[in-house]
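Visitor:
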Amino acid sequence: MSLKDKRIVVTGGAGFIGSHLVDRLIKEEPEKIIVVDNFFLGKHRNIEEAFRKFSALKLYYQDASHYEKMKNIFKIERPDVVFNLAVVPLLTSHELPKITCEDNISITLSVLELLKDELYDTLIHCSSSEAYGTATESIMDENHPLHPTTPYAASKAASDLLVESYSNTFDLDTAIVRPFNNYGPRQNEGSYAGVIPITIQRIMNGQKPVIHGDGLQTRDYIYVKDVVEAFVDIYNHESTRGKVMNIATGKEITILDMVTAIARELEYGGEFIFEDERPADVRRHRGDITLAQKSFGFEAKTSFDEGIKMTVEWYLETTHN
Ligand SMILES: NC(=O)c1ccc[n+]([C@@H]2O[C@H](COP(=O)([O-])OP(=O)(O)OC[C@H]3O[C@@H](n4cnc5c(N)ncnc54)[C@H](O)[C@@H]3O)[C@@H](O)[C@H]2O)c1
11 MSLKDKRIVV TGGAGFIGSH LVDRLIKEEP EKIIVVDNFF LGKHRNIEEA
61 FRKFSALKLY YQDASHYEKM KNIFKIERPD VVFNLAVVPL LTSHELPKIT
111 CEDNISITLS VLELLKDELY DTLIHCSSSE AYGTATESIM DENHPLHPTT
161 PYAASKAASD LLVESYSNTF DLDTAIVRPF NNYGPRQNEG SYAGVIPITI
211 QRIMNGQKPV IHGDGLQTRD YIYVKDVVEA FVDIYNHEST RGKVMNIATG
261 KEITILDMVT AIARELEYGG EFIFEDERPA DVRRHRGDIT LAQKSFGFEA
311 KTSFDEGIKM TVEWYLETTH N
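Residue numbers (the numbering used here): 11 to 331.
1. With DSSP as the reference, please indicate the residues paired to Y245 in a beta bridge.
2. Please list the terminal residues of the continuous beta strand (DSSP E) segment that includes A60.
3. Could you check how far apart the C-beta atoms of L100 and T160 are, in whole angstroms? I think they sit under 8 Å.
4. In three-state terms, what does DSSP make of D47?
5. So, R188 versus S138, is the Cβ gap smaller than 8 Å?
6. Identify, in the order they occur along the chain, each residue of the same chain with its Cβ nearer than 7 Å to the Cβ of K16, setting aside the five sequence neighbours on each side.
7. Can you name the residues that DSSP bridges to I232?
8. Please confirm whether T21 and A74 have their CB atoms less than 8 Å apart.
9. So which of L226, M150, L95 and E281 has the shortest CA-CA distance to R212?
10. Which same chain residues end up closer than 8 Å to E123 when comparing Cβ atoms and leaving out the 5 residues on each side of it in sequence?
11. Taking the alpha carbon of I43 as the reference point, which residue from F64, G25 and K53 has its own alpha carbon closest?
12. Can P89 be considered in contact with ligand 3, in the sense that its beta carbon sits closer than 7 Å to one or more heavy atoms?
13. Is T110 near ligand 1 - that is, is its Cβ less than 7 Å away from at least one heavy atom of it?
14. Do the CB positions of A167 and I232 come within less than 8 Å of each other?
15. Beta strand (DSSP E) containing M80: first to last residue?
16. Cβ of G22 within 7 Å of any heavy atom in ligand 1?
17. Kindly list the residues whose CB is nearer than 7 Å to the CB of N331, restricted to its own chain and excluding five residues on each side of it in sequence; keep chain order.
18. Should E262 go down as buried or exposed, given a rule of 16 or more other Cβ atoms within 10 Å for buried?
19. State buried or exposed for H295, treating a residue as buried only when at least 16 other CB atoms are found within 10 Å of its CB.
20. I'd like to confirm something about G28: is its beta-carbon nearer than 7 Å to some heavy atom of ligand 1, or not?
21. With respect to 7 Å, is the separation between the Cβ of D267 and the closest non-hydrogen atom of ligand 1 below this value?
22. Give the DSSP-derived three-state secondary structure of F93 in the structure shown.
23. If you follow the alpha helix (DSSP H) that Y176 is part of, which residue opens it and which one closes it?
24. Assign T6 to one of three DSSP states: helix, strand, or coil.
25. Please report how far the alpha carbon of G317 lies from the alpha carbon of F241, in whole angstroms.
26. Per DSSP, which one or two residues make a beta bridge with V20?
27. Output yes or no for whether 8 Å exceeds the beta carbon distance between A258 and G297.
28. Name the one or two DSSP bridge partners that L133 has.
29. Which residue from P289, D315, E327 and R293 puts its Cα closest to that of H4?
30. With hydrogens ignored, establish whether the beta-carbon of A271 is closer than 7 Å to any heavy atom of ligand 1.
31. Between P207 and G194, what straight-line distance do the alpha-carbon atoms span, to the nearest angstrom?
32. Measuring straight from C-alpha to C-alpha, what distance separates D267 and K85?
33. Output the boundary residues of the alpha helix (DSSP H) element that contains V220.
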C-alpha cells in the first residue's frame with residue numbers, strides 16, 4: 011500500500027510525535043493531511059514548517075473524543091486513513107487520573123466508531139510500551155503481559171484492547187504501533203514534560219539535573235524520527251494488520267547514563283540531585299523488535315549519542331531564537 015494521493019488524518023498532529031509524523035507524511039505526497047488537535051499540549055509552532063511546505067495541510071482545533079463533531083469533519087474530508095496519536099500524557103495522570111483515562115479511551119472509541127461506520131478505511135493506532143508495566147522478562151516482546159502501573163498506562167492498554175476487540179468483531183483494518191520512550195526536538199518541555207526535555211532545560215538554565223530514584227531504572231530510548239518512519243512502513247505493509255508492533259531500539263539505557271549524556275553534550279560538569287522515585291515508575295524497559303524487523307525490515311537508525319546531540323542542538327537553537 012502507499013500513502014501517495016491519500017487523505018490522511020493525524021489526531022494529536024500538533025504534538026511531539028504527531029508533528030514529526032506530519033513532516034514525514036508530506037514526503038509520501040498525499041492528497042491532504044488533516045490534523046485534529048485540541049491543543050491540550052500541542053503547539054502551533056510544531057506544525058508551522060509543515061504548513062509552509064505543504065499547502066494541502068488542514069488543521070481542526072477539535073477534541074478527537076467528540077464522535078459527532080469528528081463525524082462532521084470526516085464527512086467533509088473523507089479520509090482514507092487515521093493515525094491516532096492524540097493523548098493526555100503520563101504525568102497528567104498523576105494529577106488528573108479520571109480525566110486522563112476518560113479522554114484517552116474516548117478518543118480511541120471515537121476513531122473506532124468512525125471506522126466501524128465506514129467513514130474511513132484504515133486505523134493506525136498509537137499505543138505505548140507503558141502498557142506493559144515493569145518488565146517481567148529482560149526483553150519485552152508483544153506477548154509480554156499488560157501490567158500497567160499508572161492510570162495513563164491503563165488507559166493506553168485499555169485503548170489497545172478496544173482496537174483489537176473492534177477489529178475482531180467488526181472486521182476492521184487496523185494496526186497498533188507500540189513505541190518505547192521517544193525523544194527528540196519538540197518534545198513537550200512545559201507542564202508534564204518528560205525527563206529528557208526537563209534535564210536539558212535545567213542545565214541550560216544553570217540548574218542541577220534531577221534524577222528520581224537511584225537512576226538505575228532503564229528505558230529503551232528511541233529517536234522520534236525513527237518512530238515516525240515506522241508508522242509509514244506499518245501503513246504500507248498489510249502484513250502488520252491486526253497486530254501490535256513494538257517500535258524500539260532493542261537497547262536499554264539507565265536514566266543516570268541518559269542524564270550523563272545530556273550533561274556531556276551541554277558541557278556540564280556539576281553534580282546531579284537525587285530525589286524520591288516517582289510513584290509507580292516502571293523499573294526496566296527494553297523492547298524486542300523482532301516482529302517489526304521481520305514484517306518490514308525495521309531498524310532504529312539513529313544512535314543514542316547522535317539523537318541526544320541533535321535534540322540538545324534543537325533546544326539550544328529554539329531557546330535562543
Ligand atoms: N512520548 C513518548 O515517549 C511516547 C512513547 C510511547 C508512546 N507514545 C504515544 O505517542 C502518542 C503521541 O504522544 P506525544 O509524546 O507526541 O504526546 P504530546 O502530548 O506531545 O502529543 C499529544 C497531542 O494530542 C493532543 N490531544 C490531547 N488530547 C486531545 C483530544 N482530546 N483531542 C485532540 N487532540 C488531543 C495534544 O494537544 C497533543 O498535541 C500518544 O499516543 C502516546 O501515548 C509516546
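We treat Cβ as the ideally placed atom computed from N, Cα and C, and that holds for glycine. Owing to the predicted nature of the structure, the values given are computational and were not obtained by experimental measurement.
Guide: Put simply:
1. Bridge partners of Y245: none, in fact.
2. No beta strand (DSSP E) contains A60, which is instead part of the alpha helix (DSSP H) from E58 to K63.
3. The pair is a contact, with the Cβ atoms about 6 Å apart (cut-off 8 Å).
4. Three-state result, D47: strand.
5. With a cutoff of 8 Å on beta-carbon distance, R188 and S138 are scored as near each other.
6. Excluding sequence neighbours, K16 sits near P40, E41, D90 and V91.
7. According to DSSP, I232 bridges with N192.
8. A74 sits close to T21, with the two beta carbons spaced by under 8 Å.
9. With distances taken between CA atoms, R212 lies nearest to E281 out of L226, M150, L95 and E281.
10. Counting only Cβ-Cβ distances below 8 Å, and skipping sequence neighbours, we find Y77.
11. Cα-wise, what sits closest to I43 is F64.
12. Among the ligands in the structure shown, ligand 3 does not appear; only ligand 1 can be found there.
13. For ligand 1, not one heavy atom lies less than 7 Å from the Cβ of T110.
14. With contacts defined as CB atoms closer than 8 Å, A167 and I232 fail to qualify as a contacting pair.
15. Where M80 is concerned, there is no enclosing beta strand (DSSP E), although the alpha helix (DSSP H) around it starts and stops at Y77 to E87.
16. Yes.
17. Low local confidence applies: a pLDDT of 49 at N331 is under 50, so the model's placement there is unreliable, and no value is given.
18. Under this definition E262 is a buried residue.
19. H295 is buried by the Cβ-count criterion.
20. At least one heavy atom of ligand 1 is nearer than 7 Å to the Cβ of G28, so yes.
21. Not so, every heavy atom of ligand 1 lies at least 7 Å from the Cβ.
22. In this structure, F93 counts as strand in the three-state DSSP scheme.
23. Per DSSP, the continuous alpha helix (DSSP H) segment holding Y176 begins and ends at P161 to F180.
24. Residue 6 lies beyond the range of the chain shown here (11 to 331); nothing can be said about it.
25. Cα to Cα, the separation comes out at about 19 Å.
26. V45 and F93.
27. The Cβ atoms of A258 and G297 sit closer than 8 Å to each other.
28. Answer is V92 and T184, bridged to L133.
29. The question about residue 4 has no answer here: the residues shown for the chain are numbered 11 through 331.
30. Every heavy atom of ligand 1 is 7 Å or more from the Cβ of A271, so no.
31. Looking at the two C-alpha atoms, the distance is approximately 9 Å.
32. Rounded to whole angstroms, D267 to K85 spans 49 Å at the Cα level.
33. Counting along the chain, no alpha helix (DSSP H) covers V220; the unbroken beta strand (DSSP E) around it starts and ends at V220 to H222.
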